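Residue numbers for the sequence shown follow the numbering used here, so the first one is 522 and each next one is one higher.
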Amino acid sequence: WYAGRPRAALLFALPIVAAVAVVGHLVDWSPTTLAARLLSPRFSIVLLVLIALAGVLRLLAMADALWTAARQPRRWWRRPAPLLFILLSVVVVSAHVAAGSVVWSFYRASSAIFVVDPSAAPVTPTSSPDPAITPHPEATPTAPEPTVEVTPVPPPDSRLTVLFVGRDFAPGRTHALTDTLLVATVDPLTGEVAMISFPRDIARFPLTDGTTYEAKINTLLSHFEGDPDPFGMAPLSELTRELGNLLGIEIDYYASIDLRGFERMIDLVGGVDIVNPREIADPSYGVDGFYLPAGPAHLDGATALKYVRSRMGAGDNDFTRARRQQQVLVALQQRLRDPQVLGRLPEVLDAASETVRTNYPADRAGEILGLAELVDDPHVRGYVLGPRRFAERPPPEETGGLYLLELKLDAVEELSIEVFGSDSRFFSTSTP
């Protein structure tokens, strides 16, 4: 048995048996669970080390077998053994490199996507003067002392609320605007999912420091980037805090998406399927315009980008565009769950690493992936904070003819209670 060397056979066999057992355990996991584990940098590194060690062990075992064969007198396999060793070594190295590259793609994507945000704790800062900000008459001139409170990580069974920020370097712009500001919330106990979009033309809204932001909401992130918080809060965290304040809910995390990479991601997953509720005829979009008939449609990346950008067609506006953005987001997450996409995962992850940034903890990726499975298009409640229920346009003479929207804060409070229930900050003030 093994050329009379049972101990050597046992030495080389046991690690391989253990590796087979580990692989069998991984295969038994659901794709969502496996993807979540691989998105954990610690798990990926450990798995990469195990893959490398298993490869080295297999090469050593084959080398030992070659050495054993060379010692056997007058055996017919002594001459072809070296060539066979080389061929098998190529196969083993290729297999382990392929497996390692998949795991490495998860590790690299995770390291880029899940950013460490040291400013995740809410901060009450003093703000420097800015032309876009006007203090309320009741605001006191003395700035309060900054206070820092560490926000505990929400438990797995609590509501999860995430701000999705779409940054768009559209043609003709010198900087990115956040034309997509979408708050998604999932209640794992009830399975209820809601999405709330902020139209880009909202202006003149209150900030947490008691001042009023006069400019459009799609410039707020750029304002925070140009006027860094003195206490180190990241601009995206500041934006998350302010939108959460308007909605009366603490937004747990943010996810920033560069729409320039959004097109590539959709192409890599094979496109998305949507149902266009009405015909789109936007001759002003780009050079050739954008046209899409009503009904079911399969969108590639370029068409999907037009679908979420277009707003100048007959009957279209910023509010219909916001609803389409919600629709495509749901369609994309459904497509990512398709088993056919698994073969393209390394490329998809590479695109995501260039496109997406979030402060969600990488080690808890399984929870958010599990919650994503609850998102089913017919059961998602979508809201756009536009006229007439949630916002109104001030008289043109007040804005110099500039199109602006002012939120109806009372209506937003009612929506907050409707969507978030007792989790809303306004809930206690509205109930006897």
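From the three backbone atoms N, C-alpha and C, an ideal C-beta is built for every residue, glycine too.
Values in this document were obtained by computation on a predicted structure and should not be read as measured data.
Q. Rounded to the nearest angstrom, how far is the Cβ of Leu906 from that of Asp722, given a contact under 8 Å?
A. With a Cβ gap of about 11 Å, Leu906 and Asp722 do not count as contacting.
Q | Helix, strand or coil at Leu681 [DSSP, three-state] | A | Look at Leu681 here: in three-state DSSP terms it is strand.
Q) Apart from the five residues on each side of it in sequence, which residues of its chain come closer than 8 Å, Cβ to Cβ, to Val869? A) Met786, Leu789, Val790, Leu857, Val862
Q. Contact check, Glu934 vs Pro915 under 8 Å by CB: the rounded distance?
A. Glu934 to Pro915, Cβ: 20 Å. No contact.
Q) At what residues does the beta strand (DSSP E) containing Thr701 begin and finish? A) 698-708
**Q.** Sheet register partners of Asn766 (DSSP bridge)
**A.** Per DSSP, none; premise fails for Asn766.
Q) Is the shortest distance between the beta-carbon of Ser622 and the beta-carbons of chain C less than 9 Å? A) Any reference to chain C falls outside this structure, which holds one protein chain only.
(Q) Could you compute how far the alpha carbon of Arg910 sits from the alpha carbon of Leu768? (A) 15 Å
Q.
Can you tell me whether Arg528 is buried or exposed? The criterion is at least 16 other CB atoms within 10 Å of its CB, across all chains shown.
A. Flag for Arg528 reads exposed.
Q. Where do the ends of the alpha helix (DSSP H) carrying Gly782 lie?
A. Per DSSP, Gly782 belongs to the alpha helix (DSSP H) from 780-789.
Q | Cβ-based burial, Thr711 [other Cβ within 10 Å; buried from 16] | A | Thr711 sits exposed, since fewer than 16 C-beta atoms from the chains shown fall within 10 Å of its C-beta.
Q. In or out: Arg680 buried (at least 16 other Cβ within 10 Å) or exposed?
A. Label assigned to Arg680: buried.
Q) If we count the other Cβ atoms within 10 Å of its Cβ and call it buried at 16 or more, is Val671 buried or exposed? A) With a pLDDT of 41 at Val671, under the threshold of 50, the modelled position of that residue is not reliable, and the figure given next carries that caveat. Val671 is classed as exposed because its beta carbon has fewer than 16 other beta carbons within 10 Å across all chains shown.
Q. Which class does Ser718 belong to by DSSP, given the choice of helix, strand or coil?
A. strand
Q: Assign Ala641 to buried or exposed, taking buried as 16 or more other Cβ atoms, counted over all protein chains shown, within 10 Å of its Cβ.
A: The predicted position of Ala641 is uncertain, since its pLDDT is 42 and thus under 50; no value can be drawn from it.
Q.
Cutting at 7 Å between CB atoms, please list the residues of its own chain near Ile801, excluding the five before and the five after it.
A. Phe811, Tyr812, Leu813, Ser831, Gly834, Asp837
Q. Taking DSSP as the reference, what is the three-state secondary structure of Pro867?
A. helix
Q: Determine, using beta-carbon pairs with one atom in the stretch 565-574 and one in the stretch 618-630, whether at least three such pairs fall under 8 Å.
A: yes
Q. With a Cβ-Cβ cutoff of 9 Å, do Leu571 and Val543 count as a contact?
A. yes
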